[in-house]
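So the sequence shown is residues 2 to 188, counted in the numbering used here.
In this text, a Cβ means the ideal position worked out from N, Cα and C, and glycines have one as well.
No experiment lies behind these values; they were computed from the predicted model shown.
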Amino acid sequence: MNIPKLILEKISSLKTPVIIGVSGLGGVGKSTFATSLGEIIHAPIVGVDSFMKDRPTEDYSLWEIMDFPRLEKEVLKPMLANKTTFSYGHFDWEQNGIIGRREIKHQGLLIVEGVGLFRPELKKYLKLTIWVDCPVEEAINRGKKRDREEYQNPQDEYWDTIWKKNDQEYLEAYHPEKTADIIVNNC
Numbered sequence: 002m003n004i005p006k007l008i009l010e011k012i013s014s015l016k017t018p019v020i021i022g023v024s025g026l027g028g029v030g031k032s033t034f035a036t037s038l039g040e041i042i043h044a045p046i047v048g049v050d051s052f053m054k055d056r057p058t059e060d061y062s063l064w065e066i067m068d069f070p071r072l073e074k075e076v077l078k079p080m081l082a083n084k085t086t087f088s089y090g091h092f093d094w095e096q097n098g099i100i101g102r103r104e105i106k107h108q109g110l111l112i113v114e115g116v117g118l119f120r121p122e123l124k125k126y127l128k129l130t131i132w133v134d135c136p137v138e139e140a141i142n143r144g145k146k147r148d149r150e151e152y153q154n155p156q157d158e159y160w161d162t163i164w165k166k167n168d169q170e171y172l173e174a175y176h177p178e179k180t181a182d183i184i185v186n187n188c
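#1: Quick one: residues in its chain with C-beta nearer than 7 Å to the C-beta of residue 18, no 5 flanking neighbours on either side, listed in chain order?
#2: Out of curiosity, what's the CA-to-CA distance linking residue 46 and residue 150?
#3: Given residue 76, which residues of its chain have a CB within under 8 Å of its CB, disregarding the five upstream and five downstream residues?
#4: Would you mind sorting residue 107 into buried or exposed? The rule is 16 or more other CB atoms within 10 Å of its CB.
#5: Take residue 139 and list the residues in its own chain whose beta-carbon comes closer than 7 Å to its own, dropping the five residues that flank it on each side.
#6: With DSSP as the reference, label residue 25 as helix, strand or coil.
#7: Give the DSSP-derived three-state secondary structure of residue 86 in the structure shown.
#8: For residue 66, which three-state DSSP category applies?
#9: What is the C-beta distance between residue 168 and residue 137, in whole angstroms, given that I count them as a contact (C-beta under 8 Å)?
#10: List the whole-angstrom C-beta distance separating residue 185 from residue 99, where the pair is believed to meet the contact cut-off of C-beta under 8 Å.
#11: For residue 4, which of helix, strand or coil comes out of DSSP?
#12: How many Å lie between residue 42 and residue 161 at the Cα?
#13: Spatial neighbours of residue 156 within its chain, please: C-beta separation below 6 Å, excluding the five flanking residues on both sides.
#14: Could you give the C-beta distance for residue 127 and residue 22, rounded to a whole number, given that I count them as a contact under 8 Å?
#15: Output yes or no for whether 8 Å exceeds the beta carbon distance between residue 97 and residue 55.
#16: Can you name, in chain order, every residue of its own chain whose Cβ lies under 6 Å from the Cβ of residue 120, other than the five neighbours on each side?
#17: According to DSSP, what are the bridge partners of residue 186?
#18: With distance defined between alpha-carbon atoms, name the residue in 93, 146 and 70 nearest to residue 122.
#19: Distance check for residue 117 and residue 30, CA to CA, integer angstroms please.
See the structure below:
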């Protein structure tokens, strides 16, 4: 994925430590974008998916299935305290629980990517916010295709119900596409 020069210039102007937030709808291409950016700026990436509370078995709203307080405690606060190495518990979808810790070593830059990220209690930690944009239906179709083809794990029922609803509620509650520093069109 091509990273716009504007983003690289903005990052180079920020005083470290820097946490870059990359968010967007499920299936929009956040992880792909974050991976490309991370390779260019030599920054590790933490995915919000590692911070699930439990595999969804019932309805929830606004991505409340994510353990955002744990993300704050294990990643965001240590990063801004300028700890050059720290670790966090990694949630495994198949095991439905935390299965160990992942260590992060950085040189002043960190990318955190995932759904539901641009909420007030987390946004205050992010020096740069990037919203990866695409129409809802296109993002859902991409997510379904990815799950079927890359992971051999069709999850259409989640995409069509819980995840779509959470994305729509999140957009209405927080308007992340209006509050992001930079919007990347990924259509």
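So, from the data block:
#1: Here residue 18 refers to the residue found at position 17 of the sequence shown. Hits under 7 Å: 80, 81, 83 and 109.
#2: The residue given as residue 46 occupies position 45 in the sequence shown. The residue given as residue 150 occupies position 149 in the sequence shown. When rounded, the distance between both Cα atoms is 23 Å.
#3: Counting from 1 along the sequence shown, the entry for residue 76 is found at position 75. Only 47, 87, 89, 105, 111 and 113 meet the Cβ criterion.
#4: Taking the sequence shown and counting its residues from 1, one reaches residue 107 at position 106. It is buried - the Cβ of residue 107 has at least 16 other Cβ atoms within 10 Å.
#5: Taking the first residue of the sequence shown as 1, we reach residue 139 at position 138. So the qualifying residues of the chain are 188.
#6: Reading the sequence shown from its first residue, position 24 is the one you call residue 25. In the structure shown, residue 25 sits in a strand (DSSP, three-state: E or B).
#7: As a working note, residue 86 is residue 85 in the sequence shown. Here residue 86 sits in strand by DSSP.
#8: As a position in the sequence shown, residue 66 is number 65, starting the count at 1. Three-state result, residue 66: coil.
#9: Position 167 of the sequence shown holds residue 168. Position 136 of the sequence shown holds residue 137. The pair is a contact, with the Cβ atoms about 6 Å apart (cut-off 8 Å).
#10: Numbered from 1 along the sequence shown, position 184 holds the residue referred to as residue 185. Numbered from 1 along the sequence shown, position 98 holds the residue referred to as residue 99. Not really, about 31 Å apart at Cβ, beyond 8 Å.
#11: Taking the sequence shown and counting its residues from 1, one reaches residue 4 at position 3. Here residue 4 sits in coil by DSSP.
#12: Translated into positions along the sequence shown, residue 42 becomes position 41. Translated into positions along the sequence shown, residue 161 becomes position 160. So the two alpha carbons sit approximately 35 Å from each other.
#13: One-based indexing of the sequence shown puts residue 156 at position 155. Hits under 6 Å: 148.
#14: As a working note, residue 127 is residue 126 in the sequence shown. As a working note, residue 22 is residue 21 in the sequence shown. Rounded, the Cβ-Cβ distance is 4 Å, consistent with contact.
#15: For the purposes of this step, residue 97 is identified with residue 96 of the sequence shown, where counting begins at 1. For the purposes of this step, residue 55 is identified with residue 54 of the sequence shown, where counting begins at 1. In this structure, residue 55 lies closer than 8 Å to residue 97 by Cβ.
#16: Numbered from its first residue, the sequence shown carries residue 120 at position 119. 175, listed in sequence order.
#17: Here the question's residue 186 lines up with position 185 in the sequence shown. Residue 186 is bridged to 134.
#18: Looking up residue 122 in the sequence shown gives position 121. For the residues 93, 146 and 70, the minimum Cα distance to residue 122 belongs to 70.
#19: Sequence index remark: in the sequence shown, residue 30 carries index 29 (1-based). Sequence index remark: in the sequence shown, residue 117 carries index 116 (1-based). Residue 30 and residue 117: Cα-Cα distance of roughly 14 Å.
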